[in-house]
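For what it's worth, my numbering labels the leading residue of the sequence shown as 3, then goes sequentially. Glycine included, each C-beta is placed from N, C-alpha and C at the ideal position. Accompanying notes for the structure given below.
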Amino acid sequence: MRRLLGLVAALLAGGIVFSGFLPWVEVGPLWTATLYGVASGQFGEIVEAARAGRLPVLAAIFLASFPVAFVSLLVSLGGFVRWLALLAGLLPLVALIGTAIDTRGRLGGLIGDLPEGTRAARSLIGDGLWIYGGAALALTLLALLAPRPALSRARRRAAPSGRRGRQGRSG
């Protein structure tokens, strides 16, 4: 069961990592932008901002989500590691939700509460962003809801339980 959960977690973490190679912004058939395409062109500026402490917290969380997901992918191939899967799933969710709240606050006056503005913004979102968020949500749910392994009989017998376990060793 641990290996099967690990494979599912690896697939979901891989979805987070590889979403960066898919379009995140699509303006019709004329122009699309992938995350890695944009980031590779500005890698020096990103590193300089991080060193100078000018990188916003949400941007740092967003950037950290990719290497954490990659490590989770590699580790999960050997078996399910709940805390790592949870971290790899939560980082993108925090980045997305925080950015959505921040963007809505900044653009609220510009587009108002009009449904047309929301629909127009949603039409620009590419597959990469949907996969990033969907895989992160699924990975978080897997980490929270996956069954915990029961102790085997041999491990239960070997584990000390209360006073009896301590008395048996000293006597």
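*Residue range of the alpha helix (DSSP H) that includes residue 148*: Where residue 148 is concerned, there is no enclosing alpha helix (DSSP H), given that its DSSP letter is neither H nor E.
*Name, in chain order, the residues that DSSP records as bridge partners for residue 27.*
Beta-bridge pairing by DSSP links residue 27 to 35, 127.
*Output yes or no for whether 8 Å exceeds the beta carbon distance between residue 47 and residue 128.*
No, they are not a contact pair.
_Buried/exposed call for residue 141, threshold 16 Cβ in 10 Å_ = buried
*asked:* Judging by CA-CA distance, which residue of 59, 83, 14, 73 is the nearest neighbour of residue 4?
replied: 83
*Please check the pair residue 131 and residue 101, which I expect to be a contact at CB under 8 Å, by giving their CB distance rounded to whole angstroms.*
Contact doesn't hold; Cβ gap of about 10 Å is too wide.
*Please go through the same chain and pick out, in chain order, the residues whose beta-carbon is closer than 6 Å to the beta-carbon of residue 57, but skip the five residues on each side of it.*
51
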